[in-house]
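Enquirer:
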Amino acid sequence: MKLLDHPGWEYNGSEITKCFEFTHYMDGIDFVQKIAAEAESNNHHPDICVGWCKVEVSFSTHDANGITDLDFNMALIADQLIQP
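61 is the number that my numbering gives to position 61 of the sequence shown; each next residue is one higher, with no gaps.
1) In the DSSP assignment, what residue or residues form a beta bridge with Lys-18?
2) Alpha carbon to alpha carbon, how far is Cys-19 from Asp-63?
3) Would Ala-39 pass as a contact of Met-74 if the rule is Cβ separation under 8 Å?
4) Would Phe-72 count as contacting chain D if we go by Cβ distances under 8 Å?
5) Thinking just about the alpha-carbon of each residue, which of Asn-42, Gly-66 and Val-32 is nearest to the one in Ile-82?
6) Would the beta-carbon of Thr-17 fall within 8 Å of that of Val-50?
7) DSSP on Gly-122, reduced to helix/strand/coil?
8) So, Asp-79 versus His-24, is the Cβ gap smaller than 8 Å?
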């Protein structure tokens with residue numbers, strides 16, 4: 001299963017979701033800006049929920065009514081954005 005290659009990501013019926021935690025609120029906001037730029041350049045946009053030092057990101061492919069390789073690729077990109 002491809003989800004095993006993406007630690008922290010969970011399958012929620014028709015999407016994959018991960019909650020990213022940050023030390024400071026603005027670190028989460030910086031992450032949102034980076035993932036938004038990647039989403040725009042890949043023409044695949046997640047649902048993003050911002051909380052206090054947490055950002056929840058969900059990917060799905062609406063045309064497929066579920067998840068596709070594009071969602072897994074975007075999950076990998078999201079994970080790479082928080083690597084030092």
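Here a beta-carbon is modelled for each residue, glycine too, at the ideal position from N, C-alpha and C.
Expert: Taking the definition as stated:
1) Val-57
2) 24 Å
3) yes
4) You won't find chain D in this structure, because it holds only one protein chain.
5) Val-32
6) no
7) Here the chain comprises residues numbered 1 to 84, so residue 122 is not present and cannot be evaluated.
8) no
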